[in-house]
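Chemist: Next up is a structure, given as C-alpha cells.
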C-alpha cells in the first residue's frame, strides 16, 4: 500500500501503519571496512497505543482510565533536501533513527535505508516527539501513532503482555495472540467481543479484571515485575601515549521502544540515565554536543555527512543495564577500517573538550560553539587539517582544490559522485581533519590531538578578530591552494611572496604555536617524535625533552629546503620563553603570555609587521628593541 506524503496531516492515534517493504538484505560478503545495513523483520504490535495502555493501567492499578492521554507522538520525516535534514538534526536537534522503532531487528547494522528510497536520497527519519511538537513547515512527515509512555514499569510490562509480546518486548510471545491494534474503547467494566462485534460486560468478581489475551477474568492487580534500573556505563578512548582515557561529553542515547533518553558522559567517561529501563535497552553513542559534532563521509549516502558519527553500543538486559561493560575505542593498524574511523572520531571529540579546558588557564578566546568537524581518510594531504568555518560563516563556496587536499581526492572511492558530495558538504565544514596516512604511527594520539588543537586555534581567531579578518585569512589560503594546481607554487601556502602571504604567515604562525603549546600541556614528555618544519629532524622525548615545545624551539627561519620557512612557527614561543641559548635564532625576548599574544590579533592586523607594532603598543613597548630584532630574524623587518 502506498503511503500518503503529507506536509500537514491529521492525527490517527489508534491505527497502525503499513510499510512499503518490511525487510532488507545484507551483502553476502561482509566487508569490515564498509558499513553494514540493519536487517529488519516483521512489524510488531504497538503496546503503547492508548486503548491498550488504558487496559494495562486498569489491570495493574484498578479503576478506570478513560481519560488517559498520549504523552508522545511516534512520527517519521521525509526530508528531501540538505536544508530540511539540517533543520531536523541541528535546529531542532532531534534524536533521529533511520529504522522504524516498532519492528523486529534481525541484524543490527550501521544504517537502514528504506528499500523504497534510492540509496543516494535521504531515507525516512523516525523520532518520538512531545504531543505539542510544532512540525517544521515544508518537511513531509507522518504521525504513525499517538502513544502513552508510562513511568510505572508494571504498567509497561502489562501493556506489552497484552499486546502479545515476549518478556524482552522485541518479539511475539510464542503462540500468544496479540490484541488488535484497532481495539475500540469500551466503557469501564466492558470489553470488546469480536465475535459479537460489540462491547460486552466483563462479568468479573471483585478483585478480578478481564484479560484480553487470556480471554478470561484474572486476579488484579497483576504480579509486579522485577524493578527497572538506570542505564549505567563508561566509554573510553585509547590514547596511544597516555593509555585509556574517559570520553568526555559524549552523547549517549538509550532506547527501548518509544522510551528514549539522551544523556552525556562526564569528565571520566561515565554516564547514568534518569529513566529506568528493563530488558533489551539499545544504547547508541553519538559524537555530538554543544561544542561540536564529528562527522564523516560514508559511501554513497552523502547526506549522512549532516549527521554525527554514531556507534551502536549494543542491546542490554537484566543486570547488564546498570553495569554495561566499559567500552573503549581502539585504533586499528588499517587506517581505512571503520574501527580506526571511530577511533579518530573519538580522539577528535575528546580533543575539542580538552582544548576548551586547557585554554582556561591561558585566558585566550574560545572557538565558536557548534562546530561541524569532518574527518576523512580520502584527501591527498594526509595527516593535515583545515579550519575554513564554512558553516559558521555560512559560506557557500567549496573549491575543488580544497576538497582534493583535505576531503576526497580525484582517485578516491567517491570520484563518481564528487559533485553530489560537494553539494552536501557546502556550508557543512568548519574544521576538517584528513587522516589518510600510509603509516598508522603518523596518527598517534598526540599528533592527531595537536592537529585538532592547531585547527581550533585558528577558529579562536574568528572569535578574537571577527568574521572579516577570518574570511580574508581563509580566502588567502584557498587562493594559494588553487594557485598550486596551475603552477609550481608549493601547496597549500605558496612561496610567501604574494598579497595573500602576510595574513597566512600570521594565521598559521599563531595556530602552529598554540597547537603545539597546548599539546605539550596535554602530553609533555609522553609525546611522539615531533617536527613543525619540513626537512627538520624530528624531536623525540628522552624522558626530559618535551617534543612539542622543543620542535618549536628548533624552528629555523633560514632552513633552505623548507618552502614555508617564511611562516614564523617558532616566533610566538620565542616571545614567551626564556631560552637565549637557542641555535636557530638569537632569542632575547621572554615573559609575554598567550593572552597578550592573541589579544594583539585584531580585525585590521593582517601582517606580522602590523602585529608586532600592535603587540608592543598594547604592552607598553615591553622589550621593544629585542622584539623587533626577533621579528627581523624571522624575516619581518
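In my numbering, the protein residues as written are 1357 to 1993.
Think of the CB as a built atom: it goes at the ideal place given N, C-alpha and C, for glycine as much as any other residue.
Suppose contacts are defined by Cβ-Cβ distances below 8 Å. Is residue 1989 in contact with residue 1945 by that definition?
Modeler: Not in contact: residue 1989 and residue 1945 (Cβ atoms no closer than 8 Å).
Chemist: Can you tell me whether residue 1710 is buried or exposed, with buried defined as 16 or more other CB within 10 angstroms of its CB?
Modeler: Buried: at least 16 other Cβ atoms inside 10 Å.
Chemist: Run through the DSSP bridge pairs and tell me what residue 1790 is partnered with.
Modeler: DSSP lists 1732, 1740 as partners of residue 1790.
Chemist: For residue 1488, count neighbouring Cβ atoms within 10 angstroms of its own Cβ and tell me buried if that reaches 16, exposed if not.
Modeler: Its Cβ having fewer than 16 others within 10 Å, residue 1488 is exposed.
Chemist: List in chain order: all unbroken alpha helix (DSSP H) runs of 4+ residues lying wholly within the stretch 1548-1634.
Modeler: Taking only runs of at least 4 residues, no alpha helix (DSSP H) segment lies wholly in the stretch 1548-1634.
Chemist: Give the list of continuous beta strand (DSSP E) stretches no shorter than 3 residues that lie fully inside the stretch 1810-1859.
Modeler: Listed in chain order, there is nothing to give.
Chemist: In this structure, does DSSP put residue 1662 in helix, strand or coil?
Modeler: Looking at residue 1662 - three-state DSSP - the assignment turns out to be helix.
Chemist: Just curious, the beta strand (DSSP E) that residue 1967 is in, first and last residue?
Modeler: Careful: residue 1967 lies outside any beta strand (DSSP E), inside the alpha helix (DSSP H) at 1964-1974.
Chemist: Between residue 1617 and the rest of its own chain, which residues show a CB-CB distance below 6 Å, the 5 nearest in sequence each way excluded?
Modeler: Correct list, in chain order: 1610, 1629, 1631.
Chemist: Expressed to the nearest angstrom, what Euclidean distance is found between the alpha-carbon atoms of residue 1490 and residue 1504?
Modeler: Taking the straight line from one Cα to the other gives about 19 Å.
Chemist: Is the stretch 1438-1445 close to the stretch 1506-1513, with three or more CB pairs under 8 Å?
Modeler: Taking 8 Å as the limit for Cβ pairs, the verdict is that the stretch 1506-1513 does not touch the stretch 1438-1445.
Chemist: Name the DSSP beta bridge partners of residue 1649, please?
Modeler: Residue 1649 is bridged to 1644, 1728.
Chemist: Flag this pair as yes or no: are the beta carbons of residue 1729 and residue 1722 separated by less than 8 Å?
Modeler: Not a contact, by the Cβ cut-off of 8 Å.
Chemist: Determine the direct distance from the alpha carbon of residue 1952 to that of residue 1975, and round the result to whole angstroms.
Modeler: Computed Cα separation, rounded: 8 Å.
Chemist: Using only CA atoms, which one of 1937, 1957, 1806, 1929 lies nearest to residue 1948?
Modeler: Residue 1948 has its Cα closest to that of 1929, out of 1937, 1957, 1806, 1929.
Chemist: Have a look at 1758, 1558, 1791 and flag the residue whose alpha-carbon is nearest the alpha-carbon of residue 1838.
Modeler: Considering only alpha carbons, the answer is 1758.
Chemist: If you count every other CB in all the chains shown that lies within 10 Å of the CB of residue 1512, and 16 or more means buried, which is it?
Modeler: By the 10 Å Cβ count, residue 1512 comes out buried.
Chemist: Assign residue 1704 to one of two classes, buried (16 or more other C-beta atoms within 10 Å of its C-beta) or exposed (fewer than that).
Modeler: With 16 or more other Cβ atoms within 10 Å, it is buried.
Chemist: Once DSSP output is grouped into helix, strand and coil, what is the label at residue 1486?
Modeler: It is a strand residue.
Chemist: When you compare only the Cα positions, how much space is there between residue 1665 and residue 1612?
Modeler: Answer to the nearest angstrom: the Cα atoms are 21 Å apart.
Chemist: Can you give the Cα-Cα distance for residue 1409 and residue 1403, rounded to whole angstroms?
Modeler: If you take the alpha carbons of residue 1409 and residue 1403, they lie about 7 Å apart.
Chemist: Which residue comes first and which comes last in the alpha helix (DSSP H) that contains residue 1713?
Modeler: Segment 1694-1718, the alpha helix (DSSP H) holding residue 1713.
Chemist: Which of the three DSSP states is assigned to residue 1393 in this structure?
Modeler: Of the three classes helix, strand and coil, the one that applies to residue 1393 here is strand, per DSSP.
Chemist: Where does the unbroken beta strand (DSSP E) through residue 1503 begin, and where does it stop?
Modeler: 1496-1503 is the extent of the beta strand (DSSP E) around residue 1503.
Chemist: Out of 1415, 1463, 1502, which one is the CA nearest neighbour of residue 1431?
Modeler: The candidate whose alpha carbon is nearest that of residue 1431 is 1502.
Chemist: Check each candidate in 1566, 1635, 1878 and name the one with the smallest Cα separation from residue 1717.
Modeler: With distances taken between Cα atoms, residue 1717 lies closest to 1878.
Chemist: For residue 1529, which residues from the same chain have a beta carbon less than 8 Å from its beta carbon, with the 5 sequence-adjacent residues on both sides left out?
Modeler: Here the set comprises 1517, 1520, 1521, 1522, 1523.
Chemist: Would residue 1658 and residue 1776 qualify as a contact pair, given that the criterion is a beta-carbon distance under 8 Å?
Modeler: Going by C-beta atoms, residue 1658 is nearer than 8 Å to residue 1776.
Chemist: Select from 1890, 1950, 1847, 1862 the residue whose C-alpha is nearest the C-alpha of residue 1874.
Modeler: When only C-alpha atoms are compared, the closest one is 1950.
Chemist: Could you check if residue 1937 is buried or exposed, using at least 16 other CB atoms within 10 Å of its CB as the buried criterion?
Modeler: So residue 1937 counts as exposed.
Chemist: Just the Cα atoms here: how many angstroms apart are residue 1603 and residue 1695?
Modeler: Rounded to the nearest angstrom, the two C-alpha atoms are 16 Å apart.
Chemist: On the criterion of 16 or more Cβ atoms from any shown chain inside 10 Å, does residue 1689 qualify as buried, or is it exposed?
Modeler: Exposed is the call here.
Chemist: At a cut of 8 Å, does the stretch 1724-1740 reach the stretch 1639-1651 through at least three beta carbon pairs?
Modeler: Judged by Cβ distances under 8 Å, the stretch 1724-1740 makes contact with the stretch 1639-1651, as three or more pairs qualify.
Chemist: What separation, rounded to the nearest whole angstrom, lies between the Cα atoms of residue 1885 and residue 1858?
Modeler: Near 30 Å, if we compare the C-alpha coordinates of residue 1858 and residue 1885.
Chemist: Could you name the residues of the same chain whose beta carbon sits closer than 7 Å to that of residue 1785, not counting the 5 residues immediately before and after it, in chain order?
Modeler: The answer, listed in chain order, is 1728, 1730, 1744, 1746, 1747.
Chemist: Helix, strand or coil: how does DSSP classify residue 1515 here?
Modeler: It is helical.
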